[in-house]
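When you line the sequence shown up against our numbering, it's residues -7 to 335, in that order.
Before any comments, here is the structure.
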Amino acid sequence: MKDRITDDDIKNFVTNRPHVFILGAGASKAALPYGDRNGVECPVMDGFLKKTGLEYILQDTPFQYLKDNLETIYSALHESGKFPQKLEALENGVRAYFDKLALPFTPTVYDYLLLSLRDKDYIFTFNWDDLLIQSYYRVWKITKNLPKIYFLHGNIAMGYCESCAGVVHISDKFCPKCGKKLIQQPLLYPVREKNYHFNPSISNAWHDFLIILKNCSILTIFGYGAPPSDAAAIDLMKEAFSSTFRRYDSIEIIDVKPESKLIEEWDPFLSPTNYHVEFYKDFFDSFVAKFPRRSIEGYVQTKLNGWFGKSSIELSPQSSIWDIGDLLQPLIDRECNNDYSII
């Protein structure tokens, strides 16, 4: 009977766990730094109504002079109980604006992100836009071995089937399994009443998210600022992340904010890892860009084995999606033989 845990046990344990990305609005901004294919900007919560031209919805309400944060305004309208038509107009306006966004033909950070992970890995996004989905459909032509994606706040492009409890692309209109009409995921709901159990599809996403968050080796937080409106969500995440032993795990934060501010925001997540954390302002400096499709393997080699080498294949800006595929093809080819070694 084995009476102690060996170094190899630890390394195998870390290697077999996933790399998890959490995406916020900053990630979509990084995907469209100069706007979308037609120059349309991807907005964030603060200043949302002004940037999207939806300010007119608040006319003739006592809330037109509120600080321009979409979720704060929606909550105020909801709590008043007097403006159901305004609430519907906001929801429809948000959908219509995001529905216009189209990825440029050149590669975006979402294309690199998806192709740098495998199907053992996960992306959990708080974003309503469907840019990640647009990217998925085009990089899927390069490899089917892609990470699983969950939408924690709903998404304009995803529909839910009540009968099958499945989330599929809303363009299908009807569930591919049972044929019933799909239901759109709600996007907006009051900040103070953020109850992730009110909608089955979002509840299921959060259930899986918290389980997977407990069991990842690398957690990368990309452009998500832990806003006060998500306080309840952050508490759930803290509880899940700190519930297991994390001293062999690592956190990356990709954000343009000062490092001191990020430490303050995320300290409850950093301390369980004994502050195994790296801060980056650019996706291409992150670990997954240095070891694409081998991020956990690269982490074990460099951090646990003390290896000072580097991968011969690193992500760098390319001219087309197909150029990214050509760069990563040697790794993808090896995966067909269950070979996940670093080249």
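Idealized CB from N, CA, C, for every residue including glycine.
The structure presented is a predicted model; accordingly, all values stated were derived computationally and were not measured.
Give a single yes or no on whether residue i has its beta carbon closer than 7 Å to a heavy atom of the ligand MG.
i           : result
residue 291 : Annotation note on the ligand MG: not contained in the displayed structure, which lists no ligands.
Kindly identify the DSSP beta-bridge partner or partners of residue i.
i           : result
residue 153 : 158
residue 254 : DSSP lists no partner for residue 254.
residue 142 : 116
residue 176 : 151
residue 272 : 246
residue 61  : 38
residue 283 : BP columns for residue 283 are empty, so no partner.
residue 166 : 173
Please state whether DSSP places residue i in a helix, a strand or coil.
i           : result
residue 70  : helix
residue 265 : helix
residue 328 : coil
residue 306 : coil
residue 316 : helix
residue 311 : coil
residue 212 : strand
residue 225 : helix
residue 288 : helix
residue 240 : coil
residue 218 : coil
residue 294 : helix
residue 278 : coil
residue 260 : helix
residue 122 : coil
residue 198 : helix
residue 191 : coil
residue 230 : helix
residue -4  : coil
residue 84  : helix
residue 134 : coil
residue 333 : coil
residue 51  : coil
residue 235 : coil
residue 129 : helix
residue 76  : helix
residue 182 : coil
Here's the rule: buried if 16 or more other CB atoms are within 10 angstroms of the residue's CB, otherwise exposed. What is residue i?
i           : result
residue 328 : exposed
residue 248 : exposed
residue 257 : buried
residue -7  : At residue -7 the pLDDT is 49, less than 50, meaning the model places this residue with poor confidence; the figure from the coordinates comes in the next sentence. Looking at its Cβ environment, which holds fewer than 16 other Cβ atoms inside 10 Å, residue -7 is exposed.
residue 253 : exposed
residue 10  : buried
residue 127 : buried
residue 293 : buried
residue 177 : buried
residue 91  : exposed
residue 212 : buried
residue 203 : exposed
residue -1  : exposed
residue 23  : buried
residue 63  : buried
residue 231 : exposed
residue 89  : buried
residue -3  : exposed
residue 333 : exposed
residue 266 : exposed
residue 29  : exposed
residue 78  : buried
residue 282 : buried
Quick check on residue i - is its C-beta less than 8 Å from some C-beta in chain B?
i          : result
residue 46 : In the displayed structure, chain B is absent; only one protein chain is listed.
If we count Cβ pairs, one from each stretch, closer than 8 Å, do we get three or more for the stretch 300 to 315 versus the stretch 263 to 283? Enough Cβ pairs lie closer than 8 Å, so yes.
Kindly provide the ranges of any alpha helix (DSSP H) runs that are 4 or more residues long and lie completely inside the stretch 2 to 45, ordered along the chain. As far as the stretch 2 to 45 is concerned, its whole alpha helix (DSSP H) runs of at least 4 residues are 17 to 23 and 40 to 44.
Every unbroken alpha helix (DSSP H) within the stretch 86 to 115, with a cutoff of 4 residues, ordered by chain: For the stretch 86 to 115, whole alpha helix (DSSP H) runs of length 4 or above, ordered along the chain, are 101 to 108.
Within 8 Å, do at least three Cβ pairs link the stretch 61 to 70 to the stretch 93 to 108? Cβ pair count under 8 Å is below three, so no.
Does the stretch 1 to 18 come close enough to the stretch 213 to 221 to have 3 or more Cβ pairs within less than 8 Å? In this structure the stretch 1 to 18 touches the stretch 213 to 221; the number of beta carbon pairs closer than 8 Å is three or more.
With three or more C-beta pairs closer than 8 Å as the rule, is the stretch 232 to 240 touching the stretch 143 to 160? The stretch 143 to 160, when compared against the stretch 232 to 240, does not touch it at the 8 Å Cβ threshold.
Do the stretch 295 to 304 and the stretch 138 to 146 meet, that is, are 3 or more Cβ pairs less than 8 Å apart? Verdict: no, contact absent.
With three or more C-beta pairs closer than 8 Å as the rule, is the stretch 109 to 118 touching the stretch 132 to 143? Taking one beta carbon from each stretch, the stretch 132 to 143 and the stretch 109 to 118 have 3 or more pairs nearer than 8 Å; the two touch.
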